[in-house]
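A.B. asks:
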Amino acid sequence: MRSLATRSLAVAVVLLACVAHAARPYRGGAVATAYPQASAAALEMLEKGGNATDAAVAAAFVAAVVGPYHSGIGGGGFALVHDGKTGETKVLDFREVAPKAASRDMYVKDGKVVPGLSTDGPLAVAVPGAVAGYLQLLKEHGKLPPSVVLAPAIAAAKKGIWVTPRYLTMGQGRLECLRKDPEASRVFLVKNAQGEYEMPPLGHVIKMPDLARTLGGIAKGGAKAFYSGPVAKAIADTVQTGGGVLTVDDLAAYKTRPRQPLEGSYRGHRILTMPPPSAGGVAVIQVLGALEKLRPQGMAFRDPEALHLYVEAVRRAYVDRAKYLGDPDFSDVPTARLVSPGHIADLAGSIDAKKATASASLLPPVPGAQGSTLTDKPAVLTPEPERKNTTHISVIDKDGNAVAMTTTVNYGFGSCVVAKGTGVLLNDEMDDFAAQPGVPNAYGLVTGEPNAIQPGKVPQSSMSPTLVFSKEDPKKVMLAVGSPGGSTIPTTVIQVISNVVDSGMDVARAVNEGRVHHQYLPDELWVDKWGLEPATLSVLEAKGHKVRRVDQWGDAEAVFSDPKTGLRYSASDPRNEGVALGQD
Ligand code: GLY
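Dropping the structure here:
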């Protein structure tokens, strides 16, 4: 028999483990972002009497400074904003658009897509939407003036940012690309004794006086300080000098787009998410809808049979994505049909519970366009570090206002081009178009004709900022959630929601849990390195899934508001460097 001391120790260890997994409760507002400085700025806005929008926008501007490899004012994104008083939810699409001189085959030579042309350098740059978006959100939903909301970002740029392990990983992955642009090299790298640019050491402080000046101009002069005048000219000149096609007219013509939230439900919870041009929201609604039909509630967490059904639902959602999704302002995207109960029932009904369906049997791939393929080696795939881009901000304030915002420069450090003298790092969002319909992009994602390049068009996105509402009051936000991770964004969001709703997990544990992903092509089942037990993997393999263990992905940021107690809990993904904060 164990001694009392041993048993007490065992109990203490178990309790500690539980505490380590649990998010702490807040009576006031709560925030989660991928950077401590961005979360602190968001909290500062709440303390100053600002609301969820003030907090989210302050965090987004700080993220642009401290995480230039994920997002920035040279990028774009999507936001869902919920008004706790009226119960209304608005959606703003401030994603980049293709420049006027962009054309369908601009990345194709001799019938083939030229590798790197849509990801690295000036030709990859789409018209940025972040500044217009952040300021419009503030104007329509915020309480504080831009001078207050931008102050933390300006201070961070002046003071300088630490080179963190994440900065190093992202920078290493994009070193050659950054070296090609003299201004990006000057801003983000340091010279070695031989006068060559290399990664700065860990802990090095990078000051950004140009960016501080540009942000200061925006705080005083609004969006026109970015979309016209010297900043716009510098952006257009830099891009065109390097062979890109973005002009000052493209910048002057940029407009954000208000959209209707995409609605669905899961086990009695109303869900609002991002409509097209996001393909992510459609997948979230389709997969959760199919799971509700396929998986009886009460199925054990990680039950292999339930996992198989989830994977098959995801596979089919990504087939729909490849076939139908793109910018609805340019082609007839059948969104209503794709999320209709009838289509979701068909999708669920087509799943064989016993065995995996070959992706090619659902939609034959374009020959030679299968994305990465499995080798026989039992390898753990390390996703290229530069793939881990984009960032998400979740806020719920004390009055029940909520924001879920996902924002990006696309690949790590975007296009690696910095507009001379402005500190503005420009996106490479053009890669989210189908450079050639059917040919995979940087995420191995295959998209089709509706996502072909056209001037003024928004490239298809995976970004899926999502709000889940309380069962008791469908106008009260219970969960704000989103993540980066390119093609894996929708499945990260789906799994966090399922972990909370199906397994009743604390939001921190829901975010921590290992993840499973499929995207139709490549026909592989990605499993977070520590995500599943060998016995579970064996069952999935026996059903015909080609399992690939992947060295973690995503960075879910979530805030949960407990409908019963009114307390809020926030969680930042432990896979990265963020923090979750709140007001006592
Ligand atoms: N640039 C990543 C996405 O929008 O999905």
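Read in order, the letters of the sequence shown correspond to residues -22 to -1, 1 to 562 in mature numbering (1 follows the signal peptide of the UniProt record, and there is no 0).
Idealized CB from N, CA, C, for every residue including glycine.
1. Quick check: residue 534 and residue 370, are their CB atoms within less than 9 angstroms of each other?
2. Less than 6 angstroms between C-beta atoms, sequence neighbours within five positions excluded: which residues of the same chain meet that for residue 465?
3. Mapping the DSSP letters down to three states, classify residue 450 as helix, strand or coil.
4. Report back the beta-carbon spacing between residue 443 and residue 56 to the nearest angstrom; my notes put them in contact at under 8 angstroms.
5. Give the secondary structure of residue 391 by DSSP, where H, G and I count as helix, E and B as strand, and everything else as coil.
6. Would you grab the beta carbon distance between residue 237 and residue 71 for me? Rounded to a whole angstrom, and I think it's under 8 angstroms.
7. Let me check one thing: in DSSP terms, what residues is residue 329 bridge-paired to?
8. Per DSSP, which residues does residue 9 bridge with? Please list them.
9. Cβ of residue 174 versus every heavy atom of ligand 1: is any distance shorter than 8 angstroms?
10. Would you tell me roughly how many angstroms separate the C-alpha atoms of residue 361 and residue 63, rounded to the nearest one?
11. At 3 residues or longer, what runs of the beta strand (DSSP E) sit wholly inside the stretch 178 to 253?
12. Label residue 542 either buried or exposed according to how many other C-beta atoms from any shown protein chain fall within 10 Å of its C-beta, with 16 as the threshold for buried.
13. Do residue 103 and residue 405 have their beta-carbon atoms positioned less than 9 angstroms apart in this structure?
14. Could you please give the first and the last residue of the uninterrupted alpha helix (DSSP H) stretch that includes residue 125?
15. When the distance is taken between beta carbons, is residue 10 closer than 9 angstroms to residue 564?
16. Would you mind reading off the limits of the alpha helix (DSSP H) that contains residue 294?
17. Beta carbon of residue 260, beta carbon of residue 295: below 9 angstroms?
18. How do the stretch 506 to 520 and the stretch 281 to 294 stand: do at least 3 beta-carbon pairs fall below 8 angstroms, yes or no?
19. Determine the burial state of residue 354: buried for a count of at least 16 other Cβ atoms within 10 Å of its Cβ, exposed for fewer.
20. Would you report the Cα separation of residue 347 and residue 545, rounded to the nearest angstrom?
21. Residue 423 by DSSP, collapsed to three states: which one?
22. Compute the minimum distance between the beta carbon of residue 410 and the heavy atoms of ligand 1, and state whether it is under 8 angstroms.
23. What are the partner residues of residue 105, as DSSP defines its beta bridges?
24. Kindly give me the distance between the Cβ atoms of residue 547 and residue 474, rounded to whole angstroms, as I take these residues to be in contact under 8 angstroms.
25. Compute the minimum distance between the beta carbon of residue 367 and the heavy atoms of ligand 1, and state whether it is under 8 angstroms.
26. Could you check the C-alpha separation between residue 171 and residue 185 for me, to the nearest Å?
27. May I have the straight-line CA-CA distance separating residue 575 from residue 307, to the nearest angstrom?
28. Report back the beta-carbon spacing between residue 563 and residue 114 to the nearest angstrom; my notes put them in contact at under 8 angstroms.
29. Taking 9 angstroms as the cut-off, decide whether the C-beta atoms of residue 381 and residue 458 are in contact.
30. Does the Cβ of residue 270 have 16 or more other Cβ atoms within 10 Å, making it buried, or fewer, making it exposed?
31. Just to confirm the assignment: which complete beta strand (DSSP E) runs, minimum length 3, are found wholly within the stretch 474 to 539?
32. Which residues in the same chain have their Cβ closer than 6 angstroms to the Cβ of residue 412, if we skip the five residues on either side of it in sequence?
33. CA-CA distance, residue 433 and residue 241?
34. Let me make sure I understand the geometry here. Which of 163, 398, 339 and 180 has the alpha-carbon closest to that of residue 210?
35. Please report the straight-line C-alpha distance between residue 470 and residue 388, rounded to a whole angstrom.
36. Along the chain, where does the beta strand (DSSP E) that runs through residue 58 open and close?
C.D. replies: Checking against the coordinates, here is how it stands:
1. With contacts defined as CB atoms closer than 9 angstroms, residue 534 and residue 370 qualify as a contacting pair.
2. The answer, listed in chain order, is 421, 423, 440 and 497.
3. coil
4. 6 angstroms
5. Coil at residue 391, not helix or strand.
6. Residue 71 and residue 237 do touch by the CB rule: their CB atoms are close to 5 angstroms apart, below 8 angstroms.
7. Bridge partners of residue 329: none, in fact.
8. 373 and 559
9. Taking non-hydrogen atoms of ligand 1 into account, the C-beta of residue 174 is found less than 8 angstroms away from none of them.
10. Residue placement at residue 361 is flagged as unreliable, the pLDDT there being 48, under the threshold of 50; the coordinate-derived value follows with that caveat. Computed Cα separation, rounded: 43 angstroms.
11. 235 to 237, 240 to 244 and 247 to 251
12. exposed
13. yes
14. Per DSSP, residue 125 belongs to the alpha helix (DSSP H) from 124 to 137.
15. Residue numbering for the chain in the displayed model covers -22 to 562; residue 564 lies beyond these limits and cannot be assessed.
16. Membership of residue 294 in the alpha helix (DSSP H) is indicated by the continuous run 282 to 302.
17. Contact: yes.
18. yes
19. Note on residue 354: pLDDT 28, under 50, position unreliable in the model; the coordinate value appears next. It counts as exposed.
20. Low confidence applies here, because residue 347 scores a pLDDT of 45, under 50, leaving its location unreliable and the question unanswered by this model.
21. coil
22. yes
23. 75
24. With a Cβ gap of about 13 angstroms, residue 547 and residue 474 do not count as contacting.
25. Within the cutoff, so yes.
26. 21 angstroms
27. The requested residue 575 does not occur in the structure, where the chain is confined to residues -22 to 562.
28. Outside the displayed range of the chain (-22 to 562) lies residue 563, so it cannot be described from this structure.
29. yes
30. buried
31. 503 to 506, 525 to 528 and 535 to 539
32. 425, 429 and 430
33. 29 angstroms
34. 398
35. 17 angstroms
36. 54 to 60
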